[in-house]
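Trainee: In terms of numbering that gives the first Met the number 0, the first sequence opens at residue 0 and continues consecutively.
We treat Cβ as the ideally placed atom computed from N, Cα and C, and that holds for glycine.
Keep in mind it's a predicted model, so treat the numbers as computed, not measured.
Here it is, the structure, as structure tokens.
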Amino acid sequence: MPELPEVETIKRQLEKKLPGKEIEKVQIIDCPNADKRIRALSGIKILKVRRRAKTLIVDLNNDKSLLIHLKLTGQLIFRKNAGKERFTRVLFYLSSGGLLFNDMRKFGFIKLVPTENVEKEIHEKYGPEPFDKDFTLKIFEEILVRKKKSKIKPLLMDQKVISGLGNIYAQEACFIAGIKPGRTAGSLDKKEQTRLYSAIKKVLLSAIKFHGTSFDSIYVDAYGQPGGFGQRLYVYQQEKCKRCGQTLKSLRLGGRGTWYCGRCQN
DNA sequence: CCTTATGCCTGAATGC
DNA sequence: TGCATTCAGGCATAAG
């Protein structure tokens, strides 16, 4: 399930590949959430690839941008020889190679919006990027005070509050910070707030370094390669604590599977 | 304002 | 073996 590190990995790879390339043809194979107008992009060139939260933004030279969200099972893969694969939903034929939008469960979407509206469509809807300078410790503390009754792990997953964290990295951050995921935001003391703030950045940076998590073998990067962070997970879908060896506890928070160590997290 | 539930989907895993 | 059931989850939306 692509979260910030996975989408960032794809973004960094595609921004080296796509700019300057021309879209020769777009084929929508089976994609209920794809804007039909993308079929008319023949002859349009790709200018830039960006990321905001978990959404990829592909700016085009016709003042429009593609907004691509992979949701749970989406893949965006660059292939030298374009061809339909098992779950290919949209196929972009490029001047060299092809860009495949694969999505087993069809939750993902591709929108086409005027580039000038990207701000409105995306940026305004989401909370701060964890690596932007506006995401300061002070801002984070204010969030925790404002949402003091929320449970901390579902809060970290709320894109309107902070963008980019999903079910994996929210609970990994809680582990690294030594905080139980079911604690309320308001119950964190100053030290815990600081630890969690650092843990968010730490886990995301590390995951980006290893090209993300391919735990479920669904996520792959823009070259079809799995990420290497899966074996470095502390708690997500793990049985025993990597630090103390104790059997992890599991529960559901916000409807999502959640794991934590009763000894290492307080 | 809040929290929790639902729908969108399909494949893998499980149960009888 | 096969068929039905359950589960996974991002996130918009509805309901409580």
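1. Helix, strand or coil: how does DSSP classify H122 here?
2. With 16 as the cutoff for other CB atoms within 10 Å, does E173 come out buried or exposed?
3. Whole-angstrom Cβ separation of E21 and L93, contact assumed at under 8 Å?
4. Just to check my reading of the structure: K152 and A176 have Cβ atoms closer than 8 Å, yes? What is that Cβ distance to the nearest angstrom?
5. Could you tell me if C240 is buried or exposed, where buried requires 16 or more neighbouring beta carbons within 10 angstroms of its beta carbon?
6. What does T246 pair with, by DSSP beta-bridge criteria?
7. Using alpha carbons as the reference points, say which of C263, K208, L232, L252 lies closest to V6.
8. On the DSSP bridge assignment, give the partners of E21 in chain order.
9. Would DSSP call K79 helix, strand or coil?
10. Going by C-alpha to C-alpha distance, which of L99, S95, N80 sits closest to L69?
11. Based on the DSSP output, what are the partners of I56 in its beta bridges?
12. Please name the residue, chosen from T8, I109, A52, G256, that lies closest to P31 on a Cα-to-Cα basis.
13. With burial defined as no fewer than 16 other Cβ atoms inside 10 Å of the residue's Cβ, what is the status of E123: buried or exposed?
14. Are the beta-carbon atoms belonging to I25 and I37 less than 9 Å from one another?
15. CA-CA distance, L250 and I45?
16. Among G261, P225, T257, G227, which residue has its Cα nearest to the Cα of Y235?
17. Assign C243 to buried or exposed, taking buried as 16 or more other Cβ atoms, counted over all protein chains shown, within 10 Å of its Cβ.
18. Quick one: what's got a C-beta closer than 8 Å to Q273's C-beta in the same chain, skipping five residues either side?
19. Looking only at its own chain, which residues have a Cβ that is under 8 Å from the Cβ of P129, when we skip the five neighbours before and after it?
20. Could I get the ranges of all uninterrupted alpha helix (DSSP H) runs contained in the segment 111 to 191, with 4 residues as the minimum, in chain order?
21. So, G82 versus F91, is the Cβ gap smaller than 9 Å?
22. Alpha carbon to alpha carbon, how far is K35 from R88?
23. Using the beta-carbon count (16 or more within 10 Å), is Q230 buried or exposed?
Mentor: Per the coordinate set shown:
1. helix
2. Inspection of the sequence shows that residue 173 is occupied by Cys rather than by Glu. With 16 or more other Cβ atoms within 10 Å, it is buried.
3. 7 Å
4. Contact doesn't hold; Cβ gap of about 11 Å is too wide.
5. buried
6. K239
7. K208
8. K44
9. coil
10. L99
11. R49, L66
12. I109
13. exposed
14. The identity of residue 25 in the sequence shown is Val, whereas the question assumes Ile. A contact, by the Cβ cut-off of 9 Å.
15. 44 Å
16. T257
17. exposed
18. The chain is shown only over 0 to 265; residue 273 falls outside these bounds and no answer can be derived.
19. L3, I161, S162, G163, L164, I199, K200, L203
20. 117 to 120, 136 to 145, 151 to 156, 166 to 176
21. no
22. 12 Å
23. exposed
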